[in-house]
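Enquirer:
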Amino acid sequence: MNMRLKLAMAIIPLGIIIAAVPENTTRPYKLSAVELLEEVKEGIQFMHPDEVADMVVQKDPSLQLIDVRDKDAFDKFHLPGAINIPIADILSVENEDYLNQDVKMNVFYSNGSTAANEAWMISRQLGYENNYVLQGGLNFWAETIMNPKQPASTSPDDEFAKYDFRKGASAALGGSTLQATTDNTPKAPKPVIKKRPKKKRVAGGC
Amino acid sequence: MGPLVVYDFISQNTNLLLAFIIGIGFGFVLERSGFSSSRKLAGMFYGYDTTVLKVFFTAAVVAMLGLLFFSLFGWIDLSLIYINPTFLWSAIVGGAVMGGGFILGGFCPGTAFCAVSIGKLDALSFIGGLVIGVLLFTEGFPLVEELFYAENMGTPTINELLGMSRGVFGLVLILAAFGMFFVGEWAERKFPREEY
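Going down the list, the sequences are from chains A and B. Take 1 as the starting number for the first sequence in our numbering and just add one per residue. Take 1001 as the starting number for the second sequence in our numbering and just add one per residue.
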């Protein structure tokens, strides 16, 4: 009897304390500030629009585009296959399954790269991997993929290869203007150049 | 700081070693509480010995308070603690079967191994029965498979179902536990042990 009363006197006040205090819901950072600075300096999270366009055109299933702008901007225009997680909702529980996984590559994008980079930093500090940022965002995407600039005639061959790839990609992505820029400057080596991007795609598909 | 192994403070192997040491501690406490005697365990059901109730509820209350206070201090992340998924029908049927075996045999699986380690032969026969039960279950699994996997409720916790916070439920459980200790004392007086 005595032992039980002593035990009760010790445990019940602890119980009252724990009932009265609100729950601790902080989510700790898994990376220290130094580690994050190293990663930020290297800039390994950036993906060039050419890489991403390649994956989109090939319908690569391991790619997941995440639009971090708000819903109105997403509804007006979004890249094919993108889901919308506005940056304000990035910590909510439903979205954790998209961000914290090791199956798909998540590529954040926004109009520039600021909001996407913010999303990347927050999710990187929470320890999530496989998250990347579209370099330059939609603005750079439009410049390079949607409206590629024809390289000058003295440019190296791979500039032409990139240009043809981008034209093809923008057509495949339902963008534009393949008709508008029908630049029929016939050049002898052109057919050869056109074949090279196709070979690259077949090799990459496997 | 969280569960140490999740945050890579200790490796998986160290985790298992610590589990082994904690297991030795568990067996020690069981033996010192007298649970190697099948009379003490069966006494829980006949009412003359409520030691099982007191030991296990004290352990549960201390562990719960420990986890909640550690969460309060930020030393552990409660969302990372593994909770067994709830399969409702399996739990009910399995619990009834195990309860029947408990009363018949006077041991539960953990205390049986405890008693075997001090050389009790009735615990050895209990373990033989355990092995037979495992074999019957494995061979007859296709028959019980549907029941086994029925009604997966995920991992609900009682405080979620009752709509109260973890801390408040903790207090309720502590008060309920102490209430049960008093009821146990009363029962012990009411159902005296038959003298052998």
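Cβ coordinates follow ideal geometry from the N, Cα and C atoms, glycine included.
Contact between the region 34–42 of chain A and the region 115–125 of chain A is defined here as three or more beta-carbon pairs at a separation below 8 angstroms; is this criterion met?
Expert: yes
Enquirer: List the residues of chain A that Ser-1071(B) touches, going by C-beta distances under 8 angstroms, in chain order.
Expert: Glu-23 and Asn-24
Enquirer: My output table needs one value for Tyr-273(A): the three-state DSSP class, helix, strand or coil.
Expert: Here chain A has residues from 1 to 206 only, and residue 273(A) is not among them.
Enquirer: Can you give me the C-alpha to C-alpha distance between Leu-178(A) and Leu-79(A), rounded to a whole angstrom?
Expert: Here Leu-178(A) scores only 34 on pLDDT, less than 50, and its place in the model should not be relied on; the value that follows carries that caveat. Looking at the two C-alpha atoms, the distance is approximately 18 angstroms.
Enquirer: Name the residues in the region 1175–1192 of chain B whose C-beta lies less than 9 angstroms from a C-beta of chain A; which are they?
Expert: Leu-1175, Ala-1177, Phe-1178, Phe-1181, Phe-1182 and Glu-1185
Enquirer: Under 8 angstroms, do Gln-135(A) and Phe-46(A) count as touching if we go by C-beta distance?
Expert: yes
Enquirer: What is the DSSP secondary structure of Asp-67(A), reduced to helix, strand or coil?
Expert: Here Asp-67(A) carries a strand assignment [DSSP, helix/strand/coil].
Enquirer: Per the contact definition of three or more C-beta pairs closer than 8 angstroms, is the region 82–102 of chain A in contact with the region 59–68 of chain A?
Expert: Three or more pairs of CB atoms, one per stretch, sit closer than 8 angstroms, so the region 59–68 of chain A contacts the region 82–102 of chain A.
Enquirer: How long is the line joining the alpha carbons of Val-1172(B) and Thr-1111(B), rounded to whole angstroms?
Expert: 29 angstroms
Enquirer: Taking Val-93(A) as the reference, give the member of Ile-1083(B), Ser-1079(B) and Ala-1096(B) with the closest Cα.
Expert: Ser-1079(B)
Enquirer: According to DSSP, is Tyr-1149(B) helix, strand or coil?
Expert: coil
Enquirer: Against chain A, with Cβ distances strictly below 8 angstroms, would Arg-1166(B) count as a contact?
Expert: yes
Enquirer: Tell me, please, whether the region 14–21 of chain A touches the region 1162–1180 of chain B by the rule of three or more beta-carbon pairs shorter than 8 angstroms.
Expert: Taking 8 angstroms as the limit for Cβ pairs, the verdict is that the region 1162–1180 of chain B does touch the region 14–21 of chain A.
Enquirer: Please compile the residues from chain B whose C-beta is within a distance smaller than 7 angstroms of the C-beta of Ile-90(A).
Expert: Per Cβ cutoff of 7 angstroms: no residues; Ile-90(A) is ~17 angstroms from chain B at best.
Enquirer: To which residues does DSSP link Ile-83(A) through a beta bridge?
Expert: Ile-66(A)
Enquirer: Tell me whether the beta-carbon of Ala-1096(B) lies closer than 8 angstroms to the beta-carbon of Phe-1107(B).
Expert: no
Enquirer: Please decide whether Leu-126(A) counts as near chain B, where near means a Cβ-Cβ distance under 8 angstroms.
Expert: no
Enquirer: So with Cβ pairs under 8 angstroms, would you call Val-1061(B) a contact of chain A?
Expert: yes
Enquirer: Which runs of the alpha helix (DSSP H) spanning at least 4 residues fall entirely within the region 1041–1121 of chain B, listed in chain order?
Expert: 1051–1073, 1088–1105 and 1109–1117
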